[in-house]
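Numbering (the numbering used here), first residue to last: 475 to 1165.
We put the beta carbon where it would ideally sit given N, CA and C, even for glycine.
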């Protein structure tokens, strides 16, 4: 291809690599590792000096916990009128706003609307003297919302339940032995808790006299997982930890745990449920803002993630100053093996040595952040500081958050242009009213792309609006690929919402293999809005809509609903994510070594997948001489490179060696240079740089 563009020309000079040219890279790497080692030592020293203070903080937090019966003694203040208001507003949201209602009715054979109507009819025959206990009302409301098996669509309990967690002072996780038999092990205990031969590695056999696997399955049936894997995962997690804003309090005041002790002895433990205040959420989801309107968040997982930090990872709580997903001014490391990060509650980055080599491991705990660009930039910075021969992106237990953050990050791992997932409203008069009020984007929540199709739905009979992306396509592609090594994604059944969207985008854009510890993700495919946000959208901007059907909910209660459903792109274009999820390409069943020795077998499996993938490289260096730009390329596993200036084609070169030098004439400082690398005609690498 000849050079194109105004007065542009290209001249190439092929050269060979030499061992002398490779030595400085090794030296730089060694210096970088030495610097990281020195920083790690300083971090460990600082951590040691504050250990006593943090232990005291943990003890104080635990002292604030109260037994469950004492806590429940303060509950029960809803009047009959307030209960009726909650039922009527729940009917409104499910009938007029809930995007998945037809799918849920068909797939799970449920009828939440009729259950709410029956509940309301029975309440009309009650009086303040004859109405049932409040806990029965909360249990019935929760049961109706759980029946649709949608973790986006929730009844959120009022005070005193909101902001509280019920917990037992230990965590249980599942693993498999070589014969594929399940085992349930204690993996963490709260600081200061002890019992005979109890701790990480003790094996739980029975829960209140019920075999543990059966207890997990029975508990999982209560908590709304979209598939069997999600049901079991949430059933296990909820045995020991329950956010009371979204899950009814435990029926039992205490549990009796039978276990095999660390010395192999048979033991039994009776432990009382306690209630404590959870860490605060990242953002006010009722407020009118781009963040609240762009949320794809499993509130149950988000509440539990914050609770686990409060109970088990006090170092992160101290670094964040008690503020969830806080962005620090100065990067900090939680442990000496980790890279310092400005978001210690969001990321964990480290090198891991596997049986197949040393790779980068980047754990993403949540996408629940205020600034999606800052999230993406920190991901880029951490990935650049890790080995470039392979990256393990680990999103296990991630319940989602800001949809922009999840889809902005995909571009950094692929040369392909990212197509954000499109979303749809269900066609109802109330959704049309909301979109009409915000079709011209008066408050930063632009609903114009969906309005025209909703406005025509009465005439066309369309069940759903047009499918348009929430995430701006420009933002999903504005920096392009920054990591050029192979990437593996690790998922589990607790992956949900924005993280399901991230996993779907990873699969749809063929970024790399997906390694699953469960046979599906949580299968939550929606943008979620609260009752408070829906009400605000009909009241802002002034004047408020005097005919708004939304009324204020009593005692701090709230409702959430999946408002816009997400659809896949690529080969599965148009397929909903909800209930179907993202299936892994490779499965790994967690082992005892995984639970007790830092996921060693899981990371070895991920390493073996990375080692089998091509290790491509596309390095670009530029120098100016007057208006002539010299572009020096160093490549591996590429046979062609195309160059563009400000998206105009400049040169297309077949590669005969690992290095290439090209002169481009009449170039202006500040132009955007893009190099696209190909192998066998397929685009496999891309890099952008301002010249």
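Judging by CA-CA distance, which residue of the options is the nearest neighbour of residue i?
i: residue 1096; options: 1085, 1163, 1055, 1080; result: 1163
i: residue 747; options: 1145, 692, 731, 703; result: 731
i: residue 694; options: 621, 678, 965; result: 621
i: residue 417; options: 786, 796, 740, 792; result: An answer regarding residue 417 cannot be provided, because it is not within the stretch 475 to 1165 covered by the chain.
i: residue 751; options: 760, 742, 782, 761; result: 782
i: residue 773; options: 1051, 539, 631, 951; result: 631
i: residue 1004; options: 1032, 929, 1087, 613; result: 1032
i: residue 1137; options: 624, 1107, 722; result: 1107
i: residue 837; options: 847, 848, 865, 584; result: 865
i: residue 969; options: 954, 961, 995, 952; result: 995
i: residue 1039; options: 663, 1046, 1028, 1051; result: 1051
i: residue 944; options: 665, 999, 906; result: 999
i: residue 1114; options: 1101, 1104, 1092; result: 1092
i: residue 833; options: 1041, 1084, 686; result: 1084
i: residue 543; options: 727, 1023, 823; result: 727
i: residue 564; options: 1105, 1036, 1053, 1076; result: 1036
i: residue 885; options: 807, 1069, 954, 856; result: 954
i: residue 702; options: 1055, 1155, 1076, 977; result: 1055
i: residue 939; options: 946, 947, 928, 643; result: 928
Have a look at residue i and residue j and give me their C-alpha separation to the nearest angstrom.
i: residue 1099; j: residue 1123; result: 21 Å
i: residue 453; j: residue 1061; result: The structure shown has nothing for residue 453, since the chain only spans 475 to 1165.
i: residue 518; j: residue 858; result: In this prediction, residue 518 has a pLDDT of 38, which is less than 50 and means its spatial position is unreliable; what the coordinates show is noted afterwards. If you take the alpha carbons of residue 518 and residue 858, they lie about 23 Å apart.
i: residue 661; j: residue 706; result: 18 Å
i: residue 760; j: residue 766; result: 7 Å
i: residue 758; j: residue 768; result: 12 Å
i: residue 566; j: residue 586; result: 12 Å
i: residue 775; j: residue 1141; result: 51 Å
i: residue 647; j: residue 868; result: 17 Å
i: residue 896; j: residue 877; result: 12 Å
i: residue 791; j: residue 1153; result: 47 Å
i: residue 902; j: residue 763; result: 23 Å
i: residue 827; j: residue 1066; result: 19 Å
i: residue 591; j: residue 598; result: 11 Å
i: residue 1158; j: residue 988; result: 18 Å
i: residue 619; j: residue 1161; result: 47 Å
i: residue 1150; j: residue 952; result: 15 Å
i: residue 1168; j: residue 637; result: Nothing about residue 1168 can be reported from this structure: the residues present for the chain run from 475 to 1165 only.
Here's the rule I'm using: 16 or more other beta-carbon atoms within 10 Å means buried, otherwise exposed. How should residue i be labelled?
i: residue 842; result: buried
i: residue 915; result: exposed
i: residue 640; result: buried
i: residue 1128; result: exposed
i: residue 926; result: exposed
i: residue 739; result: exposed
i: residue 958; result: buried
i: residue 1130; result: exposed
i: residue 971; result: buried
i: residue 434; result: Given a span of 475 to 1165 for the chain in the structure shown, any question on residue 434 remains unanswerable.
i: residue 692; result: exposed
i: residue 655; result: exposed
i: residue 889; result: buried
By DSSP, does residue i sit in helix, in strand, or in coil?
i: residue 959; result: coil
i: residue 657; result: strand
i: residue 544; result: helix
i: residue 718; result: coil
i: residue 750; result: strand
i: residue 922; result: helix
i: residue 1014; result: coil
i: residue 667; result: coil
i: residue 1159; result: strand
i: residue 1125; result: strand
i: residue 739; result: coil
i: residue 890; result: coil
i: residue 652; result: coil
CB-CB under 7 Å to residue i, same chain, minus the five flanking residues each way: which ones, in chain order?
i: residue 1120; result: 1145, 1146
i: residue 735; result: 670, 671, 672, 676, 741
Using a Cβ-Cβ cutoff of less than 8 Å, which residues in the same chain neighbour residue i once the five nearest sequence positions on both sides are dropped?
i: residue 610; result: none
i: residue 930; result: 936
i: residue 975; result: 770, 874, 877, 880, 881, 895, 999, 1040, 1051
i: residue 1111; result: 1088, 1089, 1090, 1091, 1153, 1158
i: residue 562; result: 594
Cutting at 6 Å between CB atoms, please list the residues of its own chain near residue i, excluding the five before and the five after it.
i: residue 681; result: 689
i: residue 721; result: none
i: residue 932; result: none
i: residue 1048; result: 1041
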